[in-house]
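In the numbering used here, the protein residues as written are 77 to 322.
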Ligand SMILES: Cc1cc2nc3c(=O)[nH]c(=O)nc-3n(C[C@H](O)[C@H](O)[C@H](O)COP(=O)(O)OP(=O)(O)OC[C@H]3O[C@@H](n4cnc5c(N)ncnc54)[C@H](O)[C@@H]3O)c2cc1C
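Below, the structure is given as structure tokens:
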């Protein structure tokens with residue numbers, strides 16, 4: 077059980093929730109997620125990424141989509157939430173990687189924040205490409221070098237965040253991405269990325285989060301994989317993008 081410390085709307089329809097639970101926060105690696113029991117009306121737990129961890133507390137950054145996340149948004153400080161985790165593999169940063177390029181599309185910023193935090197405290201260089209539809213976007217904590225793109229041009233580059241990827245590829249030792257499927261499809265077609273280590277976090281509908289139900293199974297170039305247990309982070313070039321449907 078994790079106790080809600082705070083739960084605030086940080087942009088339209090998106091909340092940042094901090095919870096007290098040392099068992100999760102001290103164990104969590106960037107890119108891992110938790111399964112959250114969202115009240116009595118939802119049977120299945122909902123997967124949410126660990127957004128940040130700080131001592132005995134960790135944060136979730138979540139968009140209100142349906143019943144579960146709506147329920148979560150109404151939890152006040154002090155409420156105890158039933159949470160399972162940390163789960164999944166998380167991002168893998170190689171010891172000798174100095175320059176990390178992070179690419180976030182929309183709510184895909186959620187798992188990348190803890191990766192940025194960890195990398196910066198390890199003395200690595202981080203550039204975060206963060207794309208949103210408009211200026212209603214998450215205000216990043218300081219310390220991260222952000223390159224912004226908005227589809228309507230209200231902040232930063234006008235267009236898709238993927239259009240900024242090629243100019244940063246050479247600088248990067250490793251690339252990490254989280255965003256919607258069209259963002260990944262665009263990246264998978266980029267010749268600049270073919271020989272780069274690119275890790276992507278996949279969002280598939282999942283039932284159990286622990287590899288028991290097989291609901292989130294995908295076919296990869298390394299065979300069948302369960303997104304919850306073998307992922308959610310995969311090598312971009314191992315994923316057979318034509319077969320992925322969410
Ligand atoms: C590993 C993982 C990490 C995630 N991390 C985050 C995060 O940090 N922040 C965040 O806002 N969201 C995240 N998601 C997506 C999140 O799990 C869904 O938005 C959430 O389960 C919706 O639950 P709900 O009850 O509010 O909506 P529901 O009523 O369950 O669903 C409403 C609609 O949302 C869509 N949906 C539901 N679940 C998913 C899903 N897993 N993937 C894609 N579409 C879905 C479906 O189309 C569904 O019809 C993550 C998903 C995965 C698999």
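The C-beta atom is built at its ideal place from N, Cα and C for all residues, glycine as well.
Any heavy atom of ligand 1 closer than 7 Å to the Cβ of residue 167? Walking along the chain shown from the start, residue 167 turns up at place 91. Every heavy atom of ligand 1 is 7 Å or more from the Cβ of residue 167, so no.
Considering residue 161, what are the terminal residues of the beta strand (DSSP E) in which it resides? Counted from its first residue, the chain shown places residue 161 at position 85. Residue 161: member of the beta strand (DSSP E) spanning 159-163, first to last residue.
Pull the bridge partners of residue 129 from the DSSP assignment, please. Counting from one through the chain shown, the residue named residue 129 turns up at place 53. DSSP, once it has assigned bridges, lists 134 as partnering residue 129.
Quick check: residue 285 and residue 187, are their CB atoms within less than 8 Å of each other? Mapped onto the chain shown, residue 285 falls at position 209. Mapped onto the chain shown, residue 187 falls at position 111. Between residue 285 and residue 187, the gap from beta carbon to beta carbon reaches 8 Å or more.
What are the complete beta strand (DSSP E) segments, minimum 3 residues, inside the region 81-130? Taking only runs of at least 3 residues, the beta strand (DSSP E) segments lying wholly in the region 81-130 are 90-96, 109-112, 122-125 and 128-130.
Identify whether residue 243 lies in helix, strand or coil by the three-state DSSP scheme. Translated into positions along the chain shown, residue 243 becomes position 167. Three-state DSSP puts residue 243 in a helix.
Which residue's Cα is closest to the Cα of residue 307: 198, 87, 277 and 271? On the chain shown, position 231 is the one that residue 307 refers to. Answer by Cα proximity: 277.
In chain order, what residues of the same chain have a beta carbon less than 6 Å from the beta carbon of residue 176, not counting five sequence neighbours either side? In the chain shown, the residue the question calls residue 176 occupies position 100. The residues are 195, 200, 202 and 250.
For residue 268, is the beta carbon positioned less than 7 Å from some heavy atom of ligand 1? As a position in the chain shown, residue 268 is number 192, starting the count at 1. False, no ligand heavy atom lies under 7 Å from that Cβ.
With a threshold of 7 Å, establish whether the CB of residue 97 neighbours any heavy atom of ligand 1. Along the chain shown, one-based indexing puts residue 97 at 21. Checking the 7 Å criterion, the Cβ of residue 97 is out of range of every heavy atom belonging to ligand 1.
Excluding the five sequence neighbours on either side, which residues of its own chain have a C-beta within less than 6 Å of the C-beta of residue 228, listed in chain order? The residue labelled residue 228 in the question sits at position 152 within the chain shown. Excluding the 5 residues flanking it on each side, residue 228 has same chain C-beta neighbours closer than 6 Å at 210, in chain order.
Near ligand 3: residue 138 beta-carbon under 7 Å from a heavy atom: Summarising the ligand content, the structure contains ligand 1 and does not contain ligand 3.
When the Cα atoms are used, what is the spatial distance from residue 280 to residue 292? On the chain shown, position 204 is the one that residue 280 refers to. On the chain shown, position 216 is the one that residue 292 refers to. One C-alpha to the other measures close to 6 Å.
Let's test the definition: count the other Cβ atoms within 10 Å of the Cβ of residue 271 and tell me whether it reaches 16, buried, or not, exposed. Along the chain shown, one-based indexing puts residue 271 at 195. Of the other Cβ atoms in all chains shown, fewer than 16 fall within 10 Å of the Cβ of residue 271; this residue is therefore exposed.
Does the distance between the C-beta of residue 122 and the nearest non-hydrogen atom of ligand 1 fall short of 7 Å? To locate residue 122, count along the chain shown from 1; it is residue 46. Flag set: Cβ of residue 122 near ligand 1.
Taking 7 Å as the cut-off, is the CB of residue 100 close to at least one heavy atom of ligand 1? Locating residue 100 in the chain shown gives position 24, where the first residue counts as 1. Distances taken from the Cβ of residue 100 to the heavy atoms of ligand 1 include none shorter than 7 Å.
Cutoff 7 Å; reference residue 123; Cβ partners in own chain excluding five residues on either side: Numbered from 1 along the chain shown, position 47 holds the residue referred to as residue 123. If we look at residue 123 and ignore the five residues flanking it on each side, its Cβ neighbours are 109, 111, 282 and 285.
Tell whether a beta-carbon distance below 8 Å holds between residue 126 and residue 162. To locate residue 126, count along the chain shown from 1; it is residue 50. To locate residue 162, count along the chain shown from 1; it is residue 86. For the pair residue 126 and residue 162, the CB atoms are nearer than the 8 Å cut-off.
Nearest CA to the CA of residue 237: which residue from 275, 244, 302 and 226? Here residue 237 refers to the residue found at position 161 of the chain shown. It is 226.
Quick check: is any heavy atom of ligand 1 less than 7 Å from the C-beta of residue 143? One-based indexing of the chain shown puts residue 143 at position 67. Yes, since a heavy atom of ligand 1 falls inside the 7 Å radius drawn around the Cβ of residue 143.
So residue 224 and residue 232 are supposed to be a Cβ contact under 8 Å. How far apart are they, rounded? Within the chain shown, the letter at position 148 stands for residue 224. Within the chain shown, the letter at position 156 stands for residue 232. The beta carbons of residue 224 and residue 232 sit about 3 Å from each other, so the pair counts as a contact at 8 Å.
Note down, one range per segment and in chain order, each beta strand (DSSP E) of at least 3 residues found wholly within the region 199-226. Taking only runs of at least 3 residues, the beta strand (DSSP E) segments lying wholly in the region 199-226 are 201-208 and 221-226.
Considering only the alpha carbon of each residue, which of 166, 319 and 259 lies closest to residue 310? Taking the first residue of the chain shown as position 1, residue 310 is located at position 234. With distances taken between Cα atoms, residue 310 lies closest to 166.
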